[in-house]
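One structure below.
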Amino acid sequence: MDFHLYMAQRLSALVMAPLVLGHIAVMIYAVQGGLTAAEILSRTQGSLLWFLFYGLFVVAVSLHAAIGLRTVAQEWLGLRGVALSALALVTGLGLFALGAQAVWAVTFA
Amino acid sequence: MGDKLKVTVRRGGPGAQHDQTYAVPAEDNQTVLDVVSWIQQYADPTLSYRFACRVGMCGSCAMTVNGVPRWTCRTHVRKVSERPEIHIAPLRNLPVIKDLVADMDPFFDKWIGAEALHHPSRSREEAIAPIDPQDAARQEADLGIECINCAVCYAACDTVAGNPDYLGPAALQRAWTLLNDAKDGAHDTILDAVSGTGGCHACHSMGSCTQHCPNELDPMRAIAGLKRDTVRRAFRGRR
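Top line first, the protein sequences correspond to chains A and B.
For what it's worth, the numbering used here labels the leading residue of the first sequence as 1, then goes sequentially.
For what it's worth, the numbering used here labels the leading residue of the second sequence as 1001, then goes sequentially.
Dropping the structure here:
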């Protein structure tokens, strides 16, 4: 693997680690006494904090997963060159689009 | 004794390999290399294989024995199988030339690719650089210098199997020993070489190299060291 991809994957993991813990902690807190869309939205809508929290999460996940799947595709499917880069790019952009849309929907939409 | 071993040997060249079975007299003390030599001398003189020292010093007799890469000269038959059956094949992850002879060229090309070669720091006119055996870097280098290029780690490595560009444990370990060698004069060149496609960052730390090294070296530790030093250099900036 290219050194820059290695670094991007490690740094995105570093970013994700506390975010995962925060996400799980909030989930445990949020499900106390039932879980409703209204309750979640009341917490996230208009909140810059949650926008940044999950926005950063989405960026880190997109990078991390795309690089990881790129390696899997290289070693297990034998993909090389343009096909490999295209797969990583489509995966990364696809995850970012899905995640960004969700974050936007629960914060500022 | 009169007992026989059922020995299955992978025969043939590129693209045309098949298994052939031989009945070989079983002995009390018998290495896998003894078995291969018996077949070549008494059953089938066309069998091709490599060996030289017979005592675990030269690294030329490595083969796949019951699916595991080993020095055949240092592997007793009874160590690899409860039953009197063994399967012997050429080393994995390398092209086969004929029968049990693997083509080592890609393996050694990768040593060069990893810059795992000496880069002189002084000319012959200058005094030899003193080496302190207690120095931490020297001790780290000492952990890896007993490698004899047998390619057992290379054959054991699943990352090499999945990624033919990967330089492999042996080349990277030698690069690491040179990086820790005060007499090597091109540390940045080494770090550049192990940072490219197929460099140390392709390693998944699965540890087959360390598990199978007949010299009980720890290439996985060396590769982890390379990863650490390349990252350190990226944060520190080039000297």
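Positions of the beta carbon are idealized from the N, C-alpha and C atoms, including for glycine.
Taking 4 residues as the shortest admissible run, the stretch 1203-1228 of chain B contains the following complete alpha helix (DSSP H) segments, listed from N- to C-terminal end: 1208-1212. In chain order, V1077 place their CB closer than 6 Å to the CB of Q1030(B), counting only its own chain and leaving out the 5 sequence neighbours on each side. Partner residues in the beta bridge of H1018(B), as assigned by DSSP, are R1011(B). Between A25(A) and R43(A), the CB-CB gap reaches or exceeds 9 Å.
DSSP places M27(A) in the helix class (H, G or I) of the three-state scheme. Apart from the 5 residues on each side of it in sequence, C1209(B) sits with its Cβ closer than 7 Å to the Cβ of C1153, A1156, C1157, P1169, P1219, M1220 in its chain, given in chain order. Under the 8 Å Cβ criterion, the stretch 72-87 of chain A counts as touching the stretch 1158-1165 of chain B, having at least three qualifying pairs. Taking 9 Å as the threshold, the shortest C-beta distance from F96(A) to chain B does not fall below it. Among the CB atoms of chain B, one or more fall inside 9 Å of the CB of Y6(A). In the three-state scheme derived from DSSP, where H, G and I count as helix and E and B as strand, R1070(B) is classed as strand.
Judged by DSSP secondary structure, T44(A) falls outside any beta strand (DSSP E) and instead within the alpha helix (DSSP H) spanning 37-44. Beta bridge pairing from DSSP links L1005(B) with V1024(B). Excluding the 5 residues flanking it on each side, L1100(B) has same chain C-beta neighbours closer than 6 Å at Y1049, M1063, P1090, in chain order.
For K1098(B), the uninterrupted beta strand (DSSP E) run begins and ends at 1096-1098, by DSSP. In this structure, Q9(A) keeps its C-beta atom at 9 Å or more from the C-beta atom of G94(A). Taking a cut-off of 8 Å for Cβ pairs, the stretch 54-67 of chain A and the stretch 94-108 of chain A touch, as three or more such pairs fall below it.
The three-state secondary structure of M7(A), taken from DSSP, is helix.
At a cut-off of 3 residues, not a single continuous stretch assigned as beta strand (DSSP E) sits fully inside the stretch 1104-1174 of chain B.
Taking 8 Å as the upper bound on Cβ-Cβ separation, chain B lies near residues E75, W76 of the stretch 75-86 of chain A. Within the same chain, and ignoring the five residues on either side of R1054(B) in sequence, the residues whose Cβ sits closer than 6 Å to its Cβ are C1073. Within a 10 Å sphere around the beta-carbon of R70(A) sit 16 or more other beta-carbons, which makes this residue buried.
For E75(A), the secondary structure class from DSSP, reduced to helix, strand or coil, is helix. Chain B has a Cβ within less than 9 Å of the Cβ of T71(A). When beta bridges are read from the DSSP output, A1089(B) appears opposite T1064(B).
Chain-order list of chain A residues neighbouring G1162(B): Q74, E75, W76, by C-beta distance under 8 Å.
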